[in-house]
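These notes concern the structure reproduced below.
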Amino acid sequence: MQQFLKLLYRHLYFQRLIAFSLLAFSIQCRSPVVQSTNESFSAGTLAFILPAFFTDELILPESPEVSTREKLEKEKERRIARIQTRIQDLMAAGELATKYGFNDDEYYSTYVFLQTRGRHSRAAGLYFTRHLGENYKIPDILKLLKINISPKNVNDTIEKSVVRDGANIKTREPLEDIQIGTDEKGKIYLSDIAASVSGEDFSRLLSFSYNARLGAITEVVRGYTDRIAHDLLRSEMQAQESQLFKFDHHRASELFLSAKFGKAGKGVYPTGTLELKFSPTELYDHYFQILPALTPMRYVIATGAIFKNQESAERFASQWKDKITLRTLCNRAEHIQCGLKWHIRGYKNAKDLAEREERSLLDNWILKNALESKMYPDVQEINGLWYTLKIDSIQFEDDNPTFEKYSWAVRRDLTMQSLNLLLESEMKTIKQRLNVQFEQEAFIRIFNKSIIQKTD
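Going letter by letter, the sequence shown gives residues 28 to 483 in this note's numbering.
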């Protein structure tokens, strides 16, 4: 009896020890590694995100020599810094998009759903590669997940269930009552795989002809298996779905902001660019600033001087900007040549890089400053000598350029320029407010465990 009690005690002790270890591991996985004023990512969530979304940063050479280990550690530090900067950018984008109405936008659900589906696909790729190797197909996936389902049988079932009433297409029974397969847990219904695509896409799929639908059904089944594999991997890593969904929101937010702030067209996200109001003075000032870029230049006339060293050139340029006459400066400055006059032919096409390569460094420098409307540009070193410059006049192909001719281009350019500055300012302010912090020791540990060794 005493021996039995000892064995029982030992058994209970180890059971408690195992339970405590599992609890400690669970708490560790759920401890925040990334923390802002509004949200956090746990260790498990970060361990999930890194291989799914930062693969390129995780690929490192295998077994470095002792002499290169220090370089490798430095490279790891750089990569970790890039990942952390990217996470900060994503969090800030999520906040900024919310400020500009993303959460209430009519396309919000669709675009966040696309990011979620992309997350499922990335995670499934990791899971399937680990268990099946690089080359796998749908039958391999179904066997691994112990799912008994056939795209052809699903298509047959849909064909029998679909009722067409003009433009209105539906199934005779609710999707959750139409069985299409089985798995370890029991029956699989049409509603289960329908959740892998948006409602609009699935309704469109029902309207397809039998032959056209088969390929689409295969993709839907693959989406279903992706979600199952994703959930298995997420559970294994103890990543939190609410945090991963927030990550989806942030990634979709970048698309919204890129369209809203004119970084990309509506093809990226169907929303209009922010409209900004400008005074007539602002528009006219900008017109004169960008005029050289609006119409090709026939030629540029410029004046300048050449010096042996940068200090003399900068002193000359500073006094020239202060309206001291060129003759006075030439008489007292230590120069190689002064009062030089250049008559430079303009580019036929300012965007043609090949044409620029054919021109001299001096020509390109003068024309660049003319295009940027810099009357007194900074001094420039060319072939070991220092040049100062003043743009005297520009002759355009359009002999009579007016604001009215180019008002649309002026307004658009000023809008894009202003939106860039606004976005930069907004992101900076939000990053300061979010104050994203990283538990560096835990972050490094998770990064090191996620490294993919390059074997070629």
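We put the beta carbon where it would ideally sit given N, CA and C, even for glycine.
Check                                                                                                   : Outcome
Cβ contact (3+ pairs, closer than 8 Å) linking the region 431 to 439 and the region 352 to 362          : no
In DSSP terms, what N195 is bridged to                                                                  : D192
The ligand SAH heavy atom lying under 6 Å from the CB of F155                                           : With respect to the ligand SAH, the structure shown offers nothing to examine, as it has no ligands at all.
Where the alpha helix (DSSP H) containing E309 begins and where it ends                                 : 307 to 321
Beta-carbon separation (whole angstroms), T72 vs I174, contact threshold 8 Å                            : Rounded, the Cβ-Cβ distance is 27 Å, inconsistent with contact.
Closest by C-alpha distance to V224, when choosing among T209, R249, I215                               : R249
Range covered by the beta strand (DSSP E) that runs through L172                                        : Run containing L172: none; DSSP gives neither H nor E here.
Where A279 sits in the DSSP three-state scheme                                                          : helix
CA nearest to the CA of Y296, picked from S285, E302, L321, K304                                        : S285
C-alpha distance - F474 paired with L77, whole-angstrom precision                                       : 7 Å
Beta-bridge pairing of M324 - partner residues as DSSP gives them                                       : F423
At least 3 beta-carbon pairs within less than 8 Å: the region 146 to 160 vs the region 314 to 325       : no
Anticipated Cβ contact below 8 Å, L389 with I409, distance rounded                                      : 6 Å
Segment contact, 8 Å Cβ cut-off, at least three pairs: the region 339 to 353 with the region 395 to 410 : yes
Beta-carbon proximity list for T143, same chain, < 6 Å, skipping 5 on both sides                        : D275
Cutoff 6 Å; reference A340; Cβ partners in own chain excluding five residues on either side             : F334, V406, W413, T415
Cβ shell of P428 (< 8 Å), same chain only, five flanking positions each side left out                   : L318, L321, T322
Residue span of the alpha helix (DSSP H) that contains P59, given as start and end                      : It is not in any alpha helix (DSSP H) - P59 instead sits in the beta strand (DSSP E) that spans 59 to 62.
contact_flag[the region 173 to 193, the region 227 to 241] where n(CB pairs < 8 Å) is 3 or more         : yes
Boundaries of the alpha helix (DSSP H) in which Q346 is found, first to last residue                    : 337 to 348
C-alpha distance - T95 paired with L87, whole-angstrom precision                                        : 12 Å
Rounded Cβ spacing between L141 and I478 (contact assumed at less than 8 Å)                             : Contact flag wrong, Cβ pair sits at about 29 Å.
Local conformation of K290 per DSSP, three classes                                                      : coil
Three-pair Cβ contact test at 8 Å for the region 447 to 458 versus the region 116 to 127                : yes
C-beta contact flag for H313 and L441 at 7 Å                                                            : yes
Short Cβ contact (7 Å threshold) for A60 with F470                                                      : Before going further, note that residue 60 is Val rather than Ala in the sequence given. In this structure, F470 lies closer than 7 Å to V60 by Cβ.
N325 to R372 span [Cα, whole Å]                                                                         : The sequence given here places Arg at residue 325; Asn does not occur at that position. Each residue's alpha carbon lies about 6 Å from the other.
Opposing strand residues paired with L412 [DSSP bridges]                                                : I409
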